[in-house]
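Structure first, commentary second.
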Amino acid sequence: MTAVRWVGVLGCVALGGYAATILLRDPTLHSSIPWMLAWFAGALLLHDLVLFPLYAAADRALALLPATRVPLVNHVRLPLLGAGLTLLVYLPGIIRQGEPVVLGASGLDQGPFLARWLWLVLAMTAVSALVWAVRVTRRSAADG
11 MTAVRWVGVL GCVALGGYAA TILLRDPTLH SSIPWMLAWF AGALLLHDLV
61 LFPLYAAADR ALALLPATRV PLVNHVRLPL LGAGLTLLVY LPGIIRQGEP
111 VVLGASGLDQ GPFLARWLWL VLAMTAVSAL VWAVRVTRRS AADG
């Protein structure tokens with residue numbers, strides 16, 4: 011492992027240790043610790059046993075796309091990555107988790123979250139497709 015990776019790993023361990031000390035110092039959170047550990051273990055297993063093989067297989071399938079003058083694979087990967095990450099961030103709003111709390115605090119419901127996420131994914135895909143088309147056009151003009 012390079013020195014930069016070691017520093018990154020040690021930083022993550024230190025951050026996790028700091029978070030653990032905060033949890034252990036607060037007696038009101040002691041009953042939550044087993045649930046937090048179960049969620050962490052479940053997320054770890056879900057990622058390693060389900061999600062990683064799925065997105066690794068999808069990436070292998072992307073590598074099988076026909077070769078073009080401007081590779082298409084990264085123009086597909088980026089919007090897919092953006093869609094996945096924004097889904098993780100906005101999933102509680104999309105599935106309307108905690109809607110009464112949000113409604114009480116802001117006066118707004120969570121109805122538009124799904125439509126807004128879909129529009130965001132569409133925009134990321136359209137921008138990526140446009141960039142790819144411009145790159146193909148410029149490459150064709152430079153060759154011709």
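In our numbering, the protein residues as written are 11 to 154.
For every residue, glycine included, the Cβ atom is placed at its ideal position computed from N, Cα and C.
If residue i sits next to residue j, beta carbons under 8 Å apart, how far is it from one beta carbon to the other, in whole angstroms?
i: P89; j: S138; result: 5 Å
i: L91; j: W127; result: That pair is no contact at about 15 Å.
i: G103; j: F123; result: 4 Å
i: V80; j: A73; result: Incorrect: roughly 15 Å between the Cβ atoms, too far for contact.
Does DSSP put residue i in a helix, in a strand, or in coil?
i: A77; result: coil
i: G108; result: coil
i: D69; result: helix
i: P122; result: coil
i: L20; result: helix
i: G117; result: coil
i: L82; result: coil
i: D4; result: Any property of residue 4 remains undetermined from this structure, which presents the chain solely from 11 to 154.
i: T135; result: helix
i: D58; result: helix
Taking all protein chains shown into account, decide if residue i is buried (16 or more other Cβ within 10 angstroms of its Cβ) or exposed.
i: V157; result: The chain is shown only over 11 to 154; residue 157 falls outside these bounds and no answer can be derived.
Taking 7 Å as the cut-off, does the CB of residue i come closer than this to any heavy atom belonging to the ligand SAH?
i: W45; result: Ligands are entirely absent from the displayed structure, and the ligand SAH is therefore not among its contents.
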